[in-house]
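These protein sequence lines are chains A and B, in that order.
With the working numbering, letter number 297 in the first sequence gets 392, and the count goes up by one each step, no holes.
With the working numbering, letter number 67 in the second sequence gets 73, and the count goes up by one each step, no holes.
Every residue gets a Cβ at the ideal spot worked out from N, C-alpha and C, and that includes glycine.
Following: one structure in structure tokens, then a few remarks.
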Amino acid sequence: MSKLVTIRNRMFSFQLERRTVMVILMLLLANLAAIVVCVGLGSKTISPANVIRILFGTLDSPDTMIIESLRMPRVIIAVMVGSALAVSGALLQGIVRNPLTSPDIIGISGGASLGTVIFILYFSHVSIRYMPLSAILGAFAAAFLIYLFAYRKGVTPLRLVLIGIGMATAITAVTYMLILTSSFTPTAVAVKAFTFMTGSIYGVSWVRDVYTLLPWIVVLFPVAILYARHLNVQELGDEVATSVGSSVQIKRTILLVISVALAGAAVSIGGAINFIGLMAPHIARKLVGPSYGGVIPVSGLIGSLVLLLSDLVARIAFLPLDIPAGVFTAAIGAPFFIYLLYRHRNGS
Amino acid sequence: MSSIQAKNLTLSYGQKEIFNQLDLLVPSGQITVLIGSNGCGKSTLLRSLARLLKPQEGSILLDGTEIAKLSSKEIARRLAILPQGPLAPEGLTVHQLVKQGRYPYQSWLQQWTREDERMVNRALEVTHMKELSSLSIDSLSGGQRQRAWIAMTLAQNTPTILLDEPTTYLDMSHQIEILDLLFDLNGQEKRTIVMVLHDINLACRYADHIVAVKDGHIHAQGKPEVIMTEQLIREVFGMACQMTVDPIFGTPLCIPHGKGRSLKDSHSK
């Protein structure tokens, strides 16, 4: 049947759906186009042709510096942060079998924010290189607490979500309380903390941000995609997953660790950008159906695209102001999502 | 041939004891049906046999090996269970669902071997789901949906299949369709089938072996025509009835007493 593509040799065998392959290719092209546009636009406009020539090193111009040290790292960060949040959300929605979940809703991003805000407020004398670490620690601490409270002979999805929502609210409250009550906080530090909580990828650099995030992405994305089949059987319910031979609790814990690590790493660099973790997986499901082999990569590409475009708007719409990208993620993603819902209103 | 046996099984939920030292040997290559009133523990027993519930004491032996000593994947290659009323995620197609049955045979890099493809195709053919394979589960009728789930357990290619109330919520014709399918799987492929059914008469018609469960112990077991008596129904279900013979199949047929319109002059007692 032409709807399915089988790739099979002595080493490996996979089956892909033609539709998923097409969607992935289209989204890759869209991402590449968005990257070229994002790199070209700004206080100094560079034509797409020149952007491409500079990126391939065939044109030597004064713009090379702008692209290489200012815009490229920011674009790469947008791609990594956006896709990490989206994949984290897709995994989480699969783990808790609830599509109304995301790392921000159940408090994992909140934990990462709290970790970072504590760092900004109390450890500003320590090297900023440790800020991502504090975010990731915060994310894991939040996840651990949620898991601990939800645990009762294993963890059921519903308990995880309910306790997560409570945890998220509590963590947000604590974070705001810390910012507002630390009377010795200079206003600039408080603003920095608030900006972080909105989510911004302003002024990122190669060394501090790109190289910090890259290893997480390079390791966790392939693992997430190869773990898709475990998520697929968990989606059928714990009993069916056990029946087909999955060690449900172990796989669930590993998937949660991957999701938390991705969210924590993304938040550590990009701040608490909302919407992407929740909506990118929905958009992906509308495009390729519920199978996670498709949902995970497609979510990643959509998350990346949404953050690229949001950051572009945030950067150029109010020049010379640079607005936090987190303000625009919902504004960019929601219309597309509503369009998809509208188009699929009669099922299909 | 595969065998399942429960030995000295003790299982309780909190304070409430479900079974105490229960023993059961499932006859291999036959259709066994568990019957009993609501809450008697038949479904719990079925799920314990498939390691979905862990007993406090005792063990389940699968081909003579304790199930607790086997990996979940090893068990899944020998025994499949279809739980009651399973739910598929929105938009999942029949083919995507049936593919999941191949999980115990897959690895990181081998996720769609020729054998996987062959088994999935065969499961779709046997259940007559081939034509519907690209449709989403939510768009199917109740009977088709149940066939899709059965196809998934068939793709698992296990000698033993356990089903928890596979006909619940189905109308009469779909109940027969599902039971005929299971009957053929047993007859043609010699698969051991164990299921929970509520309909005593269908149980009598399809089962080689009936296990009547009451208050967490096995009240009686054996061939339907031997054990299904008015006395057994009264003891197990607390219901008065008259046993007669199915005019078509010759199997035991239970007609409950009670109220209702009567077109005869008087009840036969």
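Can you tell me whether DSSP reads residue i as helix, strand or coil?
{"i": "glycine 442 of chain A", "result": "Unreliable placement is indicated for glycine 442 of chain A, whose pLDDT of 49 sits below 50; the coordinate value is still reported in the next sentence. Glycine 442 of chain A: coil per DSSP, three-state reduction."}
{"i": "threonine 101 of chain A", "result": "strand"}
{"i": "histidine 101 of chain B", "result": "helix"}
{"i": "isoleucine 345 of chain A", "result": "helix"}
{"i": "lysine 275 of chain B", "result": "With a pLDDT of only 48 at lysine 275 of chain B, under the threshold of 50, the placement of this residue in the model should not be trusted; the figure read from the coordinates follows. DSSP places lysine 275 of chain B in coil when its eight states are reduced to three."}
{"i": "methionine 96 of chain A", "result": "Only weak support is given to the placement of methionine 96 of chain A: the predicted model assigns it a pLDDT of 43, under 50, and the value that follows is read from those uncertain coordinates. Three-state result, methionine 96 of chain A: coil."}
{"i": "leucine 199 of chain B", "result": "Looking at the sequence provided, one finds isoleucine at residue 199 of chain B rather than leucine. Correct three-state label for isoleucine 199 of chain B: strand."}
{"i": "aspartate 333 of chain A", "result": "helix"}
{"i": "glutamine 116 of chain B", "result": "strand"}
{"i": "isoleucine 167 of chain B", "result": "strand"}
{"i": "alanine 209 of chain B", "result": "helix"}
{"i": "aspartate 417 of chain A", "result": "coil"}
{"i": "methionine 178 of chain B", "result": "helix"}
{"i": "lysine 79 of chain B", "result": "helix"}
{"i": "methionine 106 of chain A", "result": "coil"}
{"i": "lysine 89 of chain A", "result": "Nothing can be reported for residue 89 of chain A: it is not among the residues displayed for chain A, which extend from 96 to 443."}
{"i": "tyrosine 437 of chain A", "result": "helix"}
{"i": "threonine 293 of chain A", "result": "helix"}
{"i": "alanine 426 of chain A", "result": "helix"}
{"i": "aspartate 190 of chain B", "result": "helix"}
{"i": "phenylalanine 432 of chain A", "result": "helix"}
Do residue j and residue i come within 7 Å of each other at the CB atom, strictly closer than that value?
{"i": "glycine 202 of chain A", "j": "alanine 237 of chain A", "result": "yes"}
{"i": "glycine 340 of chain A", "j": "tyrosine 109 of chain B", "result": "yes"}
{"i": "serine 8 of chain B", "j": "arginine 128 of chain B", "result": "no"}
{"i": "valine 132 of chain A", "j": "arginine 166 of chain A", "result": "no"}
{"i": "alanine 82 of chain B", "j": "threonine 159 of chain B", "result": "no"}
{"i": "valine 383 of chain A", "j": "valine 118 of chain A", "result": "yes"}
{"i": "alanine 207 of chain A", "j": "valine 362 of chain A", "result": "yes"}
{"i": "isoleucine 258 of chain A", "j": "isoleucine 231 of chain A", "result": "no"}
{"i": "valine 242 of chain B", "j": "glycine 42 of chain B", "result": "yes"}
{"i": "alanine 398 of chain A", "j": "alanine 375 of chain A", "result": "Note on identity: in this sequence residue 398 of chain A is glycine, with alanine being the wrong assignment. A contact, by the Cβ cut-off of 7 Å."}
{"i": "leucine 68 of chain B", "j": "valine 100 of chain B", "result": "no"}
{"i": "isoleucine 353 of chain A", "j": "leucine 315 of chain A", "result": "yes"}
{"i": "asparagine 126 of chain A", "j": "leucine 396 of chain A", "result": "yes"}
{"i": "proline 89 of chain B", "j": "aspartate 170 of chain B", "result": "yes"}
{"i": "alanine 157 of chain B", "j": "methionine 125 of chain B", "result": "no"}
{"i": "alanine 323 of chain A", "j": "isoleucine 378 of chain A", "result": "no"}
{"i": "glycine 294 of chain A", "j": "glycine 366 of chain A", "result": "yes"}
{"i": "valine 202 of chain B", "j": "alanine 161 of chain B", "result": "no"}
{"i": "isoleucine 199 of chain B", "j": "isoleucine 167 of chain B", "result": "yes"}
{"i": "serine 405 of chain A", "j": "isoleucine 433 of chain A", "result": "no"}
{"i": "asparagine 163 of chain B", "j": "isoleucine 37 of chain B", "result": "no"}
May I ask which residues mark the beginning and end of the beta strand (DSSP E) holding residue i?
{"i": "proline 262 of chain B", "result": "258-262"}
{"i": "isoleucine 223 of chain A", "result": "No beta strand (DSSP E) holds isoleucine 223 of chain A; DSSP gives it neither H nor E."}
{"i": "histidine 215 of chain B", "result": "215-220"}
{"i": "asparagine 88 of chain B", "result": "Checking the sequence, you will find leucine at residue 88 of chain B rather than asparagine. Leucine 88 of chain B -> beta strand (DSSP E) spans 85-88."}
May I ask you to list the residues that DSSP assigns as paired with residue i?
{"i": "cysteine 247 of chain B", "result": "B:Pro262"}
{"i": "glutamate 280 of chain B", "result": "There is simply no residue 280 of chain B to check, as chain B begins at 7 and stops at 275 in what is shown."}
{"i": "glutamine 11 of chain B", "result": "B:Leu31 and B:Leu67"}
{"i": "glutamate 23 of chain B", "result": "B:Ser18"}
{"i": "threonine 38 of chain B", "result": "B:Val200 and B:His215"}
{"i": "isoleucine 397 of chain A", "result": "In the DSSP output, where bridge partners are listed per residue, isoleucine 397 of chain A has none listed."}
{"i": "serine 142 of chain B", "result": "B:Thr99"}
For the alpha helix (DSSP H) that contains residue i, what are its first and last residues?
{"i": "isoleucine 224 of chain B", "result": "Note, isoleucine 224 of chain B: premise wrong, no alpha helix (DSSP H); beta strand (DSSP E) at 223-228."}
{"i": "isoleucine 371 of chain A", "result": "371-383"}
{"i": "aspartate 122 of chain B", "result": "120-132"}
{"i": "isoleucine 156 of chain B", "result": "148-161"}
{"i": "arginine 53 of chain B", "result": "48-55"}
I'd like to know if residue i contacts chain D, where contact means its C-beta is closer than 7 Å to some C-beta of that chain.
{"i": "lysine 265 of chain B", "result": "The displayed structure is made up of protein chains A and B, and chain D is not among them."}
If you measure from the CB of residue i, is any heavy atom of the ligand FAD nearer than 6 Å?
{"i": "glutamate 121 of chain B", "result": "As far as ligands go, the structure on display features none, and thus does not contain the ligand FAD."}
Point to revise | Sequence ranges, beta strand (DSSP E) only - wholly within the segment 108-192 of chain A, length at least 3 | key: 108-112
**Study point:** Every unbroken alpha helix (DSSP H) inside the segment 202-284 of chain A [4 residues or more]
**Key:** 203-217, 226-245 and 252-276
Exercise for review: Note down, one range per segment and in chain order, each beta strand (DSSP E) of at least 3 residues found wholly within the segment 301-330 of chain A.
Suggested key: none
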